[in-house]
Amino acid sequence: MPRERFISAIDVGTTKICTIVGRLLPDDQVEVLGVGIAPSRGLRRGMVVNIEEAVESIQASVDQAERASGQRITRALVGIAGSHIESVNNKGIVAISHPNRVITAEDVSRAIDSARTVSIPSNREILHIIPRGYVVDGQDGVRNPIGMSGLRLEVEAHIVTGAATAIHNLTQCFQQLGIDVDELVLEPLASGEAVLTEEEREIGVALADIGGGTTDVAVYSDGAVWHSASIPVGGYQLTRDLAIGLQTPYAVAEEIKQKYGYALPQEISIDDAVPVQTFGSSSPRPVSRRRISEILQERLVEIFGLIHREVERAGKEKLLPAGFVLTGGSAKLSGIDELARQYLQVPVRVGYPVGAVGLVDKVGDPAFATSVGLLLWAVRYGEEGRPGRRSRPRGRGFFSRVLDWLREFLPQ
Ligand SMILES: Nc1ncnc2c1ncn2[C@@H]1O[C@H](COP(=O)(O)OP(=O)(O)OP(=O)(O)O)[C@@H](O)[C@H]1O
Ligand SMILES: [Mg+2]
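Residue numbers (this note's numbering): 1 to 412.
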């Protein structure tokens, strides 16, 4: 009987740390065996700002997942986000010089490697080089060039970079915990794996994961990611606006947001009021629900504006027939999809993670899109990950890892 294979994914969010232990099933499915969710400390806007606190929170989440699954976590895929993330598209070009001119896996990996030559400052590191498509002797739209004949192979690649210090601070936490980071995966790309359909990615779609401290965006077209970014605004600002607007403590504002929050004030009756404990008053006083909703709407419209700017930056604002898919805890705010539809004038849906089996009810809401997506990433792109990934050194070069990946995932 083949040995069982387990994988772990850890989403280090600004609000919560979520660890999932999964078991690979024979048909490339993944079964969720155990989940650990702990409140996050030591992070701001998606980045580690206090290593000691972050380590404690990650530890708490890992302990829970280990207990629930009965497995010890020694390595994991880890999500990364934050405003230090940047992305760029670049081409890699190589000549095919074998006598028969048939393109091999080696040629493809050379082409991907040559896409790295984009100029990256020394204080930044490459997180991903994701091939989007290939051009063989000027013929574009090639998905898999292996076996084709040609003299010149071009790859169009999406390159994601992050600040070396932010990457180091995150990996440092895992080093202290004795957990090897198999791969750092950009969070919206992970979320995309869990909530987007192949058809949406093909036709054009933008994913916006509105979490606690960041709103992470990934724009897809022609089946592959075209643009990715992380905006330092999220649910924290929504709660903070309420706390200030209603003159109430943050924790009260958070409860009000989750319990009574609604994105469309015009739909709330003017008389609808809820009791709110405000500063300087001994008992709760009635606050108009419409007022609560107005405060939330104002900030949401700002967030949608920032998301739209990223789509414009990608040059795709007219090219997203599948519109937007919203994930992250803030996507649970009632009416958020309708407000986004009105504001962005495209189809909008809230994305629930799918694709795993087992204890999925524990991770079935939009806040868990990233963690489930990380698990699926591991399954879909193998333990060795995609070509161009950033990983801990294994004493083998980038080139040979790319070859392994291609051998495993492309038809021979
Ligand atoms: N029902 C709800 N209505 C509105 N907001 C909600 C609701 N439930 C959770 N949230 C918000 O979701 C946010 C947390 O989302 P999520 O768990 O996706 O964040 P995170 O992954 O920890 O953070 P980030 O990805 O930004 O680093 C919080 O700001 C919380 O207030
Ligand atoms: Mg998140």
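From the three backbone atoms N, C-alpha and C, an ideal C-beta is built for every residue, glycine too.
- For ARG45, no beta strand (DSSP E) encloses it, and the DSSP letter there is neither H nor E.
- The continuous alpha helix (DSSP H) containing TYR250 extends over residues 250 to 260.
- As the crow flies, the alpha-carbon of GLN266 is around 21 Å from that of VAL350.
- Distance from the CA atom of LEU300 to the CA atom of SER293, rounded to whole angstroms, is 10 Å.
- For TYR250, the distance from the CB to the nearest heavy atom of ligand 1 is not below 8 Å.
- VAL102 and MET148 have their C-alpha atoms some 6 Å from each other.
- For the segment 262 to 318, the full-length beta strand (DSSP E) segments reaching 3 residues or more read 273 to 276, 285 to 288 along the chain.
- Exclusion of the five residues before and after TYR250 leaves THR239, ARG240, ALA243 as the residues of its chain whose Cβ lies within less than 8 Å of its Cβ.
- Measuring C-alpha to C-alpha distances from LEU339 to each of ILE303, VAL379, ALA263, PRO347 identifies ALA263 as the nearest.
- Taking C-beta atoms as the reference points, GLU187 and SER221 fail to come closer than 9 Å.
- The beta carbon of ASP137 lies closer than 7 Å to those of GLY150, LEU151, ARG152 in the same chain, with the five residues before and after it left out.
- With respect to VAL135, GLU156 sits close: the two C-beta atoms are nearer than 9 Å.
- Contact between VAL276 and LEU320 is absent: CB atoms are separated by about 39 Å, not below the 8 Å threshold.
- Taking ARG313 as the centre and dropping the five residues before and after it, the same chain places the C-beta of HIS227 closer than 7 Å to its C-beta, in chain order.
- Between ligand 2 and the CB of THR370, the shortest heavy atom gap is smaller than 8 Å.
- Cβ-Cβ distances below 7 Å link SER57 to ILE17, ALA38, PRO39, SER40, ARG41, GLY42 in the same chain, with the five nearest sequence neighbours on each side left out; the list follows chain order.
- In the structure shown, HIS98 adopts coil according to DSSP, grouped into three states.
- Beta-bridge pairing by DSSP links THR327 to ASP209.
- Apart from the 5 residues on each side of it in sequence, LEU177 sits with its Cβ closer than 8 Å to the Cβ of VAL55, ILE58, GLN59, VAL62 in its chain, given in chain order.
- In this structure, ILE112 and GLY162 do not form a Cβ contact; the two beta carbons are roughly 19 Å apart against a cut-off of 8 Å.
- In the same chain as ALA378, and ignoring 5 residues on each side of it, the C-beta atoms closer than 6 Å to its own belong to ILE7, LEU77, in chain order.
- Taking VAL205 as reference, the option from ALA367, PRO99, LYS91, LYS316 with the minimal CA-CA separation is LYS316.
- Secondary structure of TYR352 (DSSP, three-state): coil.
- When the Cα atoms are used, PRO131 and ILE307 turn out to be separated by approximately 24 Å.
- When the Cα atoms are used, GLY213 and GLN297 turn out to be separated by approximately 17 Å.
- Put simply, the backbone Cα of PRO284 is about 19 Å away from that of ILE270.
- Counting only residues of its own chain and dropping the five nearest sequence neighbours on each side, ASP182 has a CB closer than 6 Å to the CB of ARG75, LEU77.
- According to the DSSP assignment, ARG132 belongs to the beta strand (DSSP E) that extends over 124 to 136.
- Sorting PHE368, SER119, VAL195 by C-alpha distance to the C-alpha of THR19 places PHE368 at the top.
- CA-CA distance, ILE303 to GLY70, rounds to 41 Å.
- Of all residues, those with a beta-carbon under 5 Å from at least one heavy atom of ligand 1 are GLY13, THR14, THR15, LYS16, GLY46, GLY211, GLY212, GLY213, THR214, GLY234, GLY235, GLN258, GLY328, GLY329, SER330, LYS332, LEU333, ALA367, reported in chain order.
- For VAL181, the uninterrupted beta strand (DSSP E) run begins and ends at 180 to 186, by DSSP.
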